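Numbering-wise, full-length UniProt numbering puts 325 at position 325 of the sequence shown, and it's gapless, one number per residue.
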Amino acid sequence: MSRERTCAFAEGRTDDLDKLNLAVSEVPQNEFVNKKLTEKLEQQMRDPMAVSVGAMPAWCTQLMAWCPFLFGFEARCKYFHLAALGRSPVQTHSMSHGNAGGSGGRQQSRRKILVHRNKILESAAQMKELHAHQKAQFEVEYDEEVGTGLGPTLEFYTLVCKEFQRSGLGMWRDDTVSLQCTAVFGLFPRPWSPLLSASSGAVYSEVIKKFSLLGYIVAKALQDGRVLDLPLSKALYKLILGKELSLYDIQSFDPASGRALLEFQAVVERKEYLRSLCKEESPDVDVCLRNTKIEDLCLDFTLPGYPDYVLVPETDSTMVNLYNLEQYITLMVDATTKSGIARQVEAFKSGFDQVFPVRHLKVFTEEELERLLCGEHVLWNLLEIMQEFDLEQQRAFLQFVTGAPRLPTGGLASLNPKLTIVRKVRIKI
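Take a look at the structure:
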């Protein structure tokens, strides 16, 4: 959103609301990186004493707290592992792939967790209740199933993420009647009114518990080096990092509502500009939105999509007009990005803090945090690639995977053990 274009609309220099949006290219993050400081930090983190006790000099912690952009992403990842997790990225990477503690590191304790496949969230909640403050790495095994270790553990995190995206939980916007929340622009908390009825209050308390559990799962995944299939929105990442949202952030997770609010704001500014030109004390002005009067939109002071969320109780029967439109915008933004979701976000952070302090994440940007938590967005289909192999490539692939260039009778389906695929996340050191 260009401030200049909003002013142009307010001053009557343009009537085209479609031109309010302006795509602005961000300055690349590496433009701010100081190579000398990064090298100095890398040198400090190679100090065996710093690695063993997880202690860093004051200048490191102070610069990371106030100017993390001065350091490269990989250096900040290493610092995060030392400061938050008390170990090097090598150890975390080794742990996440089934090794006992990494070379040169302390033996990492492990704890087996029994879960029920048809009660994934309940099992996760029990895990949080019993082992919340333990730093042991979890290994999952399923009730009445054979197998434990990396594969079942990764599947557990995937199933938990899928359950958190299930419709009907009351956690997310666009919680429709479909089985899964279709968050095209990422998951963002559904607003809940601070003034809840008794029945709604009971549902809301369960929502708070689920956000606390989600925060715990996210933190535990970071601690154990697991990748989550959880499409959180950029705006939610900003809230996790302790940043405030504004009117301009709404468009990132709800384009329709965000666009409408931006246009409403432009109408308000044009009204104020026209009034400033008049010599009368309280002149009446007539400003329309796309040739439509605000009154004709038939908006009331409830949150669109949530009829039970009354923005101002004493004005629940008042309709929105040109002269209370600014109040409507303020209340809408507050309900969507502040008071309506504040308790959910705090519950998430509270659950996260049970593993390690969420403040350690502030060394990352929203995009970097998503990359750290969800891995790279590079997708490829193994079966499609295998179909393109010629005979020699097929033999070479089989030789690499099974040790023999030929398949047993029955083909791939007859392989014993079965051919399985586990995603490997590489951490550059």
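No residue lacks a Cβ here, since even glycine has one placed at the ideal position from N, Cα and C. The model shown is predicted, which means the values in this text are computed figures rather than measured ones.
Straight through space, the alpha carbons of E42 and V363 are spaced by roughly 15 Å. As for any alpha helix (DSSP H) of minimum length 4 sitting wholly inside the stretch 111 to 170, the runs are 120 to 131, 150 to 164, ordered along the chain. C-alpha of K338 to C-alpha of A396: approximately 57 Å in a straight line. Less than 8 Å divides the Cβ of F253 from the Cβ of F185. DSSP places Q354 outside both helix and strand once states are collapsed to three, so it counts as coil. When the Cα atoms are used, E244 and K238 turn out to be separated by approximately 7 Å. When secondary structure is reduced to three states using DSSP, P313 falls in the helix class. Residue state for P189 is assigned as strand, using DSSP reduced to three classes. Pairing E74 with E141, the inter-Cα distance amounts to about 33 Å. Contiguous alpha helix (DSSP H) elements confined to the stretch 197 to 232 occur at 198 to 224, taking only those with 4 or more residues. The beta carbon of E366 sits closer than 6 Å to the beta carbons of K234, Y237, K238 from its chain, once the five residues preceding and following it are set aside; these are given in chain order. Where R371 is concerned, the enclosing alpha helix (DSSP H) starts and stops at 366 to 374. Taking C-beta separations shorter than 8 Å and ignoring five residues to either side along the sequence, the partners of Y328 in its chain run F264, L299, F301, L311, V320, following chain order.
For C60, the enclosing alpha helix (DSSP H) starts and ends at 58 to 66.
Between L331 and G340, the alpha-carbon positions lie close to 10 Å from each other.
It is roughly 46 Å from the alpha-carbon of N324 to the alpha-carbon of Q62.
One Cα belongs to L322, the other to E272, and the distance between them is close to 11 Å. Each of F352, K418, E269, L369 was checked against the Cα of F211, and the nearest Cα belongs to F352. L195 sits in coil when the DSSP states are folded into three classes, being neither helix nor strand. A direct Cα-to-Cα measurement between Q387 and R117 gives close to 33 Å. Shown here, L412 sits in a helix according to DSSP, grouped into three states.
Minimum Cα-Cα distance from P405 among the listed residues K220, A266, K35, Q394 corresponds to Q394. Sixteen is the threshold: when 16 or more other Cβ atoms of the shown chains lie within 10 Å of the Cβ of G225, as they do, the residue is buried. The residue from E392, L372, T38 with its alpha-carbon nearest to that of L228 is L372. With respect to the C-alpha of P189, the residue from I208, L419, Q180, L130 having the closest C-alpha is I208.
Under the DSSP assignment, S257 falls in the alpha helix (DSSP H) whose first and last residues are 255 to 277. A residue is called buried when at least 16 other Cβ atoms come within 10 angstroms of its Cβ; M45 meets this threshold and is buried.
By alpha-carbon distance to L222, the top candidate from G86, A342, I120 is G86.
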